[in-house]
Amino acid sequence: MRIDIATLFPDMCEAVLSESIIGRARAAGHIEVVCHNIRDYTLNKHNRVDDTPYGGGMGMVMQADPIFRCYEAVCAQLPEKPHVIYLSPQGRVLTQKMAVEYSQKEHLFLLCGHYEGVDERVLEEIVDEEVSIGDYVLTGGELPALVLVDTIGRMCEGVLPDESAFTEESHYNGLLEYPHYSRPAVWHDKEVPEVLLSGHHANIEVWRRQQSLLRTRNKRPDMLEKAELTQKDLAFLESIKEK
Ligand code: SAM
1 MRIDIATLFP DMCEAVLSES IIGRARAAGH IEVVCHNIRD YTLNKHNRVD
51 DTPYGGGMGM VMQADPIFRC YEAVCAQLPE KPHVIYLSPQ GRVLTQKMAV
101 EYSQKEHLFL LCGHYEGVDE RVLEEIVDEE VSIGDYVLTG GELPALVLVD
151 TIGRMCEGVL PDESAFTEES HYNGLLEYPH YSRPAVWHDK EVPEVLLSGH
201 HANIEVWRRQ QSLLRTRNKR PDMLEKAELT QKDLAFLESI KEK
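Oh and the sequence shown: position 11 is 11 in my numbering, straight run, nothing missing.
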């Protein structure tokens, strides 16, 4: 998979994308991420990429033309049109389900806005959808783009040891994940749950499923309403109703 990021701050993106799991995945060729400086595509002799808004008001607006030229240059390198996402507080709020869908695409083009935003006309011309990372406003689309690359990247083949590393985590199946413990077995007088030391895999599976249901009910009851639950799950939830 290849992701192109169009931004005025490519160094900010590179700094994050060259670290940790995504950095290693890029180095190993499991995922290709290319950052483009929109400023490289301006025809303005002063390298300007923004201007004041028509109609007046505060702030600057990113101009349409450098963004469009950047997009065209990326398209010229690809066999097909990429799926274009504009990171925007006005977009559909990102979920795990959306991230799974994006991870199955061949090419994504992420457009990061800054200042007051982007000239509407280039959005109309190139953008397939707007995606938000939450109902609050940031200074730019770089952090949201990095969030998107991180969540998509970890689901690309070869990035994590196997699929269970992401399919068994919170949100993937509509529930929160069970708690984790590591050595030592006793820490600050707190013991690791006995079942985890038993080596009995079937019992461990049952315990983990129940813990997952329990913490989803306690921390995010709204998720339980939409989760796919078995008869066993429902019976367990009924048994802990008063607890
Ligand atoms: N004037 C815009 C509005 O009120 O909708 C907000 C512009 S914001 C200050 C600058 C840029 O940050 C946006 O163009 C967008 O790319 C990015 N951005 C800000 N908040 C975001 C969010 N919650 N999710 C995704 N992108 C966001």
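Cβ coordinates follow ideal geometry from the N, Cα and C atoms, glycine included.
My guess is that residue i and residue j are in contact by the Cβ rule of under 8 angstroms, so how many angstroms apart are they, rounded?
i: Val159; j: Ile31; result: 7 angstroms
i: Glu157; j: Glu168; result: Between Glu168 and Glu157 the Cβ distance is about 17 angstroms, and since that is not below 8 angstroms, they are no contact.
i: Pro144; j: Ile133; result: 4 angstroms
i: Val33; j: Arg26; result: 6 angstroms
i: Glu80; j: His107; result: 7 angstroms
Whole angstroms are fine: how far does the CA of residue j sit from the CA of residue i?
i: Ser198; j: Leu237; result: 24 angstroms
i: Val100; j: Tyr41; result: 32 angstroms
i: Ala185; j: Val192; result: 5 angstroms
i: Ala6; j: Leu78; result: 15 angstroms
i: Glu120; j: Cys75; result: 20 angstroms
i: Lys105; j: Leu224; result: 29 angstroms
i: Thr216; j: Met62; result: 42 angstroms
i: Ala165; j: His171; result: 13 angstroms
i: Ile126; j: His83; result: 9 angstroms
i: Lys243; j: Ser20; result: 40 angstroms
i: Asp51; j: Gln211; result: 54 angstroms
i: His180; j: Asn218; result: 17 angstroms
i: Leu271; j: Ala235; result: The question about residue 271 has no answer, for the chain in this structure spans 1 to 243.
i: Arg48; j: Arg39; result: 7 angstroms
i: Pro161; j: Gly57; result: 51 angstroms
i: Asp233; j: Asp222; result: 16 angstroms
i: Glu124; j: Ser239; result: 53 angstroms
i: Ala227; j: Met155; result: 21 angstroms
i: Met187; j: Trp207; result: At residue 187 the sequence reads Trp, which differs from the Met that was named. The alpha-carbon atoms of Trp187 and Trp207 are separated by roughly 21 angstroms.
i: Arg183; j: Lys190; result: 12 angstroms
i: His201; j: Glu194; result: 13 angstroms
For residue i, which of the options has the nearest alpha-carbon?
i: Arg138; options: Cys156, Asp150, Val149, Glu116; result: Correcting the residue identity first, residue 138 is Leu in this sequence and not Arg. Among Cys156, Asp150, Val149, Glu116, the Cα nearest to that of Leu138 is on Glu116.
i: Asp150; options: Leu229, Leu234, Leu94; result: Leu94
i: His142; options: Gln77, Cys13, Arg208, Phe68; result: According to the sequence as given, residue 142 is Glu; it is not His. Out of Gln77, Cys13, Arg208, Phe68, Cys13 has the C-alpha closest to the C-alpha of Glu142.
i: Gly174; options: Gln96, Lys45, Leu123, Arg48; result: Gln96
i: Phe68; options: Val122, Asp11, Glu80; result: Val122
i: Pro66; options: Met98, Leu214, Thr216, Leu43; result: Leu43
i: Glu163; options: Ser103, Gln210, Ile133; result: Ser103
i: Tyr71; options: Arg26, Met58, Asp128; result: Asp128
i: Leu196; options: Pro53, Glu205, Ala73; result: Glu205
i: Arg209; options: Asp222, Leu148, Gln231, Asp189; result: Gln231
i: Cys35; options: Arg48, Ala64, Ala28, Arg2; result: Arg2
i: His9; options: Asn37, Ala28, Val33, Arg24; result: Here residue 9 is Phe; the residue named in the question, His, does not match the sequence. When only C-alpha atoms are compared, the closest one is Asn37.
i: Ala15; options: Tyr136, Leu146, Ala73; result: Leu146
i: Arg92; options: Ala73, Tyr136, Glu80, Ala64; result: Tyr136
i: Val118; options: Glu80, Pro53, Arg154; result: Pro53
i: Met60; options: Asp11, Gly140, Ala73, Lys45; result: Gly140
i: Leu214; options: Asp11, Leu229, Ala202, His201; result: Leu229
Just checking: is the beta-carbon of residue i within a distance shorter than 7 angstroms of some beta-carbon in chain B?
i: Ile240; result: Included in the structure is just one protein chain, with no chain B present.
Problem set entry | Given 8 angstroms, three or more beta-carbon pairs between the segment 80-88 and the segment 107-115 | yes
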